[in-house]
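Student: Quick note on our numbering: the sequence shown kicks off at 8 and runs consecutively.
Beta carbons: idealized from backbone N, C-alpha and C, even for Gly.
The model shown is predicted, which means the values in this text are computed figures rather than measured ones.
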Amino acid sequence: MATVKFTVTRDLPLPARAVFDELIDWQGHAKWVPLTRVEILKGDGGPGTEFIATSGIWPAALPDRMRVDSLDADAMTVRVTKFGPVLTGDVHLKVSSTGDQTSRLEWVEDVLVPYMPQFLAKPVAAAARQGFQTSISRMAKLIAA
């Protein structure tokens, strides 16, 4: 089992509230995370909401079950727990205003990957970080449109 940790921090030319609102539209992630679909299993998007994000193409698709554990709309922070069937761990999202029309997004992932040796954790984290950079760029273009 390997622990994969990474942080993506991006300064965006977008209002913080617009970025946060897009982040917490869980089904909307399918519009900007490549090859991903999202199904809400229960809840209204806030704390207690459970959803599954499936990324990839069958038969190589990865189902990722998650639960929103905390969501503070005023502080623009979210904590999500991944609970299988493959990945387990935590995701922390924070959006900060850096100006009237600018913001900073911090996305932190700390997950366990079963059946993967620890020596692969750094290259997997680097690839995941790049994938999230790409997805965040796509999200920013969607918001700006």
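Go to Gly96, then tell me how far its beta strand (DSSP E) extends in each direction, as first and last residue.
Tutor: Run containing Gly96: 95-106, per the beta strand (DSSP E) assignment.
Student: If you reduce the DSSP assignment to three classes, tell me which class Thr56 lands in.
Tutor: Here Thr56 sits in coil by DSSP.
Student: Determine whether the beta carbon atoms of Val98 and Met83 lie at a separation below 8 Å.
Tutor: No, the Cβ-Cβ distance between Val98 and Met83 is not below 8 Å.
Student: Quick one: residues in its chain with C-beta nearer than 6 Å to the C-beta of Leu30, no 5 flanking neighbours on either side, listed in chain order?
Tutor: Around Leu30: Leu100.
Student: Where Gln108 and Ala37 are concerned, what is the direct C-alpha to C-alpha distance, given to the nearest angstrom?
Tutor: For Gln108 and Ala37, the distance between alpha carbons rounds to 25 Å.
Student: So, helix, strand or coil for Val115, using DSSP?
Tutor: Of the three classes helix, strand and coil, the one that applies to Val115 here is strand, per DSSP.
Student: Give me the residue from Gly53, Phe126, Ala147 with the minimum Cα distance to Arg74.
Tutor: Measuring from the Cα of Arg74, the nearest candidate turns out to be Gly53.
Student: Please report how far the alpha carbon of Ser144 lies from the alpha carbon of Pro70, in whole angstroms.
Tutor: Each residue's Cα considered, the two are about 23 Å apart.
Student: Buried or exposed: Met8, going by 16 or more other Cβ atoms within 10 Å of its Cβ?
Tutor: Flag for Met8 reads exposed.
Student: Do Met146 and Trp33 have their C-beta atoms within less than 8 Å of each other?
Tutor: Against a cut-off of 8 Å, the Cβ pair of Trp33 and Met146 comes out as no contact.
Student: Assuming Leu119 and Gly96 make a contact with CB atoms under 8 Å, what is their CB distance in whole Å?
Tutor: Yes, they are in contact, since the Cβ atoms of Leu119 and Gly96 sit about 5 Å apart, within 8 Å.
Student: Less than 6 Å between C-beta atoms, sequence neighbours within five positions excluded: which residues of the same chain meet that for Leu42?
Tutor: These residues qualify, in order along the chain: Ser62, Gly63.
Student: Helix, strand or coil for Met179? Go by DSSP, reduced to three states.
Tutor: Residue 179 lies beyond the residue range present for the chain, which begins at 8 and ends at 152; the question has no answer from this structure.
Student: From Thr56 to Glu46, what distance separates their C-alpha atoms?
Tutor: When rounded, the distance between both Cα atoms is 11 Å.
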